[in-house]
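Following the numbering used here, the numbering of the sequence shown begins with 331 at its first residue and continues without gaps.
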Amino acid sequence: MIVNDRDTFIKDLMMGDRFRFPGDITGTVYGPVRCAESDYMLQGTRVDFGGGDNMDRHAFTRVEITSRAPKCPCGRFFELCENECEWPDSLEELFAKY
331 MIVNDRDTFI KDLMMGDRFR FPGDITGTVY GPVRCAESDY MLQGTRVDFG GGDNMDRHAF
391 TRVEITSRAP KCPCGRFFEL CENECEWPDS LEELFAKY
């Protein structure tokens, strides 16, 4: 299922997102994302998939979200939640994966 979110930059990926690069004729889908960390000047972003797998790209590389991470009951992404909502098992496993 394509979410059709084409105005997203790689720096905006959240834990659990799956994405692909627009125009990629192979249709390779990457993810789930463990974390996406950008440097201070937003020149580069490292996307971590857990287990030592990662990718480095320019922070403003466009991506197409194929599936969005789940949100907690208060409407935020789980890693941004301040209400201590219980995480789903899939995100707990992804968070613990190094």
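Even for Gly, the Cβ is constructed at its ideal location relative to N, Cα and C. Note that the coordinates shown come from a computational prediction; the quantities given were computed from them, not determined experimentally.
Proximity below 8 Å, CB of residue i to CB of residue j
i	j	result
residue 364	residue 375	no
residue 389	residue 345	no
residue 407	residue 415	no
8 Å contact criterion, which residue i and residue j should meet: CB distance rounded
i	j	result
residue 348	residue 397	5 Å
residue 393	residue 356	Actually they do not touch by this definition, with Cβ atoms about 15 Å apart.
residue 380	residue 424	6 Å
Continuous beta strand (DSSP E) stretch holding residue i: start and end
i	result
residue 379	374-380
residue 426	From DSSP, residue 426 is part of no beta strand (DSSP E) but of the alpha helix (DSSP H) over 419-426.
Local conformation of residue i per DSSP, three classes
i	result
residue 408	helix
residue 354	coil
residue 386	strand
Host alpha helix (DSSP H) of residue i (start-end)
i	result
residue 394	Looking at the DSSP string, residue 394 is not in any alpha helix (DSSP H); the run it does join, the beta strand (DSSP E), is 392-397.
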